[in-house]
Amino acid sequence: MSEFTAENNLCGQTLLQIVAAGNSIIAELLRLKDYVPSNFFLQSKEDISKYGEILFDFSYFNVSAVIDKAIENNQTLYDLDDDIRREHIDILTRFYLAFESILLYAHELKSYVQDLNDGIFIQQTIESVLADEEGKQLLCESLYIYGAMLLILDLHIPGIIRERIIVAYSRYSAQKSHGDSNIDDVCKLMRSTGFSNENSITTTTSNTKKISYSGSYPEEYFQRVKFDHIFIEMIIGRLRSDDIYNQFRVYPLPEHRPLALANQASMLYVCLFFSPQTLHSQAACMREIVDKFFPENWIVSIYMGVTINLLDAWEPFKAAKSALINVTDSANVHEITMKQEKNLNRLLTESKAILKEGILTEQTLMNKLTKVLNLIREMNVSIRWLLLHTNPTVIDLGNKKCKQLYDQIITDLGGKTNNVLELLLNTSELELKVKEMIRELLTKRESRYTDCKKEAVERIQDLSVAFSGVQPLMKIEKNEGLMNWFTEIKKEIENLEFSNPNLSGRKLIQLIRALEDVQAYHNLEANMQVKQYLLETRNFLHQMIHMLNIKDDVLVTLQCITDLSYGWRSIDNFTPIMQFAIKKQPNLVIRLRATFLKLGSALDAPLLRINEAKSEDLVSVSQYYSNELINYVRKVIQIIPKTIFELLSKIVSLQTEVIQELPSKVAKDRVKDYAQLDERFLVAQLTYKVSVFTEGILMMKKTLVGVIELDPKELLEDGIRIELVKHISDALHNGLQFNSKAKQSELEQKLADLGKIIDGYKRSFEYIQDYMNIKGLKIWQEEMRRILNFNVEKECNSFLNNKVSEWQSKYQSFTIPIPTYPQIDGSVTFIGRLARELLRITDPRCTNYVQLSSAWYDAKSQQQHKELINLKFFNKISDSIDVAGLSGVDKLFAHMLTADLTEIYSNLNKNTVNSKQTTEILDQFLKEIESNTTNFKLYSNSASKLNKIIPKHMEVILKIGQKQILRRHISYELNISCKFKAKNYEASLRNFNNALLTDVRAHAIDSSSHPMPSQELFNELRENLTSSGIYEPYHKIYVRTNANQYHCAFLLFVVIVQMPKLNFIATELISKKVNLEIDGHPFIVGLLTILRQFDRNCVDEFLKLLCQYLTICVQTQLSSKQELTQDTLNAFYFLQTFLNVAEIPQNYVYQHIPEIMLTQFVYFSEKS
């Protein structure tokens, strides 16, 4: 860390913190761009008609009171507005804070500049900061970062969307204190710029954006926050004149100077918009800038691969546009392209040669380090030009000249896009090898230096002994002079210290020359062994020199020249080529690993200042960029799992449709038929291909990409999960679509077909798991359950006040996303379509439910009394969409019931408490009941008066009863399945439930010694009990509400009015006529469910009123010597069935009705 950014230097630390915050803000903007609520785009006519009256731009502030009043007076708009607020307030707050942070960044930078001018920082001025190397970099970056964040914001979050977000935040968060004081300034900065980015509205994944913009863009945008003019000019002046990052030492060749200044050129491009007069009128200055920074290139990477063509960007600026004329001349572009093509072919040849097995060794690298570094440098220079100029820019302003230049380059290169990718792969592979070798050498260089010195000393010692004559070596004559000379050389070598590289290096060179001289002057070449010893000694001395020369600076140089941040987005254009190559040759992923690591170097740019500032944002920012890179790696490698599933589909087809299942016993003459050798060979062949693709991806090593370790096995498993989720989701979505106009239900056939597809995938997945070295069954169960739970959650959202957004769902994953589909027939997902199809088939208006057979029968069509659905049908649903799917349908019915019950309570209150006419009727009735002066006419007269409002309630009551019966069937199927597949688990749940209830009862008796179990325990147990079918739907409380004195009386009249429409046959009350659209059992269950939502006394009160009605009916009819009417008998059947369904013993109502009436009504019915 330099003196300027030292911890005790307030001036430097303040500026460093500002720049670090700027990088963090950009990361947050890039992160948030994928989370703009879809309805804020107002893309479709449906969205405009639905949300157009509650989502506003800044024009809202002019008439806010009028608009708010209109929303409050319209209940539909008010509810929709409230839904938007609850669903999106968290993300809207985060967006607003991000917008506000841009404004605060600008104000902090302005304040810092003002403090420098005012002398607040002791002995520091703008000039002194710019004179310091680190200060110059940071000050230039501070302005550049602000400009970059404005451009990136406008690119990804269009102005109209920003306005709607800010207005929504302002309306929904009016009482929040944080940030509200800045909202006016935020609005001024964030208002629409006239920059229209159509693709950002339709998609967030496209790399190329088609843009339209006003002529003054981005001048006016950059002037919304005014900076000191002198400060701007000084920054631009430094960027124009200085090499602020000292890149010339990394790129020493003059022809590489534009690349050395590439990052600085990006900064200058952005900063020039703060000085529009320079772009408009200073022709000489702009010509100087173009000649220095853009002599052969016209594509600029603004920030992390966001590229733009200067011809597009500088079109409105006269001086800037004219400065580019010579550079973008067709003849000049052709000449540059031909030069690049020549370099491309040459570098491909050289890189292939050096990457051959055994060519690039440590010894070769040490001997030719400079040449290798030069080759890497040239390859990166060529790749940068080719990658930027042969791919569409991220921001495409639609300039025809740009399109012509692009087409000309592609034509001149002969469409050699594959060669560009090949060079990129070669470069990445060479860089990785060189970096790994150098790191290893740096780690072990001292020990290797010592080893080489030891070997050299031993050989010189041997030579000294050899010339002493003591141990003759191949008849070497004694030579005391050489003996003493070699002894001295040995001492010199021993004195060479690694810690003093400069002195040791000079002496090593002298020693090597001395050994060469002694070999030549003393005719030592005649003896091969002496010559060999001298040669080996010189080699060891050379290696010692190499060990001294290898420094950390080599890695720093490599880090500079191998930067690929400019290709962060452009490289995505090579994805189809990469995938095609992988599909053809799976082991190519080994080479791609090096490319991904090279791309990972782009993370250094945004993280450098954040790390230096020791900011808390380091983890989140590095996590974001690492995840982005990992997602790109997954995208490229996904071709392998995709191909595996294509092969798997063929295996599924063969196993389900062609290959016969082998029975337990086979007749001898049928063995050949079951063998099916050709088909089984084809399965084996497809399986082998799967194993080849699996082996290809597993050949990758574990790699640290950013801050995330990339495990090839995990990569394969995630890829398999992605494809599995996609295929299963498609099968469920396409398989469960129904024709509501069909005469006969398609449900059973659809479930059978879907079950066959799902079972085929499951069987093949189990078969193939060993060849892919994955836990297939575990993956299958986890993903199947996740898909089903996600779709259930999504379907249930429409019934929730606090909706769960897709990005908030615990079942949705950014890595392994569950696909979403457009709504069909009013249902968001296949779960909704399945549930609504069940409701359609079992509609009580056209079916009869018979409890004895637990089945629904057709009551209207030509096939009257045909069985439609029975208890076994729910097993077919479970077989098709798993137990989790059936449990999900049950959960959806529970939410529907809650909505229905809420509706009917609202209607009950509306038609009883809030209706004067109804309350008068019921008041009179209740008074006469209490005074025991009631007669049959009172019931009939009151019922006729209330008859007009009862049908509205009947429809909802029947719906409630229908869903309750369906839930009971589902719970039975879930429980039977659980008992069969996991009997110990089922028994444990029951025991645990009983134990918990015992604790609750003990707590009710003595709360001090028996604490209440935690709510979390109750919730978790409830979920497990529900999914296992251990619950009774008829006893469930869905809505907590209080009954008033009129509810039970009104529901009694609902029953009385329905009795003439029913007829008792065998064991059930069914509709007398087809057109009456009523079924007795759903009616009874629905009524019981409604009553049970009130307090405990409500059912008793209803039974009391019903028994009083029956008593009066019997007394009236018997006193007039008439037989009991069918309506009276129906009421008795109703009471008996009600007691059975409610599981209330018959003797319980003897307190309200004489026992003989209940025991003898059967006799009366038979007699009638």
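Residue numbering for the sequence shown follows the working numbering, beginning at 26 and increasing consecutively.
Think of the CB as a built atom: it goes at the ideal place given N, C-alpha and C, for glycine as much as any other residue.
Around the C-beta of Trp832, fewer than 16 other C-beta atoms lie within 10 Å, and the residue is accordingly described as exposed.
Here Gln1118 is buried, its C-beta having at least 16 other C-beta atoms within 10 Å.
If you ignore the 5 residues before and after Glu112, its C-beta comes within less than 7 angstroms of the C-beta of Lys828, Ser830, all in its own chain and listed in chain order. Within the same chain, Phe81, Tyr85 come within 6 angstroms of Val192 by CB-CB distance, once the 5 residues on both sides are set aside.
Annotated three-state conformation of Ile799 is coil, per DSSP. DSSP, reduced to helix, strand and coil, places Tyr242 outside both helices and strands of the structure shown, so it counts as coil. Judged by DSSP in its simplified three-state form, Leu825 adopts coil rather than helix or strand.
Rounded to the nearest whole angstrom, the C-alpha separation of Gln604 and Ile841 is 19 angstroms.
DSSP places Asp883 in the uninterrupted beta strand (DSSP E) bounded by 880-883.
Rounded to the nearest whole angstrom, the CA to CA distance from Pro1038 to Leu1014 is 16 angstroms. Note on geometry: alpha-carbon atoms of His1035 and Asp1024 lie some 7 angstroms from one another.
Straight-line spacing of the CA atoms in Leu122 and Asp210 works out to 13 angstroms. The residue from Ile856, Thr854, Ile812 with its alpha-carbon nearest to that of Lys835 is Ile812. Here Met363 really is in contact with Asp437; their C-beta atoms are around 6 angstroms apart, less than 8 angstroms. Comparing alpha carbon positions, the residue from Glu152, Lys251, Thr927, Lys425 closest to Ile1062 is Thr927. Counting along the chain, Val677 sits inside the alpha helix (DSSP H) bounded by residues 664-678. In this structure, Lys623 keeps its C-beta atom at 9 angstroms or more from the C-beta atom of Thr442. In this structure, the straight-line span from the alpha carbon of Val1110 to that of Gln989 is close to 7 angstroms. Sequence-distant partners of Leu128 (beyond 5 residues in either direction) whose C-beta falls short of 7 angstroms from its own C-beta, in its chain, are Asn207, Asp210, Val211, Leu214. Between the C-alpha atoms of Arg263 and Leu566 there is a straight-line separation of about 47 angstroms. Fewer than three beta-carbon pairs drawn from the region 735-750 and the region 626-633 are found closer than 8 angstroms, and the two stretches are therefore not classed as touching. For Asn1067, the three-state secondary structure derived from DSSP is coil.
One alpha carbon belongs to Arg110, the other to Tyr197, and they sit about 6 angstroms apart. Ile655 places its beta carbon less than 9 angstroms from that of Leu735.
About 5 angstroms separates the CB atoms of Met569 and Cys477; that is less than 8 angstroms, so the two are in contact. By the CB criterion at 9 angstroms, Leu825 and Lys984 fall outside the cutoff. Setting aside the 5 residues that flank it on each side, Glu166 is surrounded in the same chain by Val44, each with a C-beta closer than 6 angstroms to its C-beta; the list follows chain order. Residue environment: Ile147 is assigned as exposed (fewer than 16 neighbouring CB atoms within 10 Å of its CB, all protein chains considered). Boundaries of the alpha helix (DSSP H) around Glu561: 553-574.
Secondary-structure assignment with DSSP links Ile324 through a beta bridge to Asn334. Secondary structure note for Ser376: its alpha helix (DSSP H) is the uninterrupted segment 355-379. Taken through DSSP and simplified to helix, strand or coil, Leu1094 comes out as strand. Within the same chain, Gln680 come within 7 angstroms of Arg788 by CB-CB distance, once the 5 residues on both sides are set aside. CA-CA distance, Asp267 to Asp354, rounds to 28 angstroms.
When the Cα atoms are used, Ser1032 and Ala1068 turn out to be separated by approximately 30 angstroms. With 16 or more other Cβ atoms from the protein chains shown falling within 10 Å of its own Cβ, Tyr591 counts as buried.
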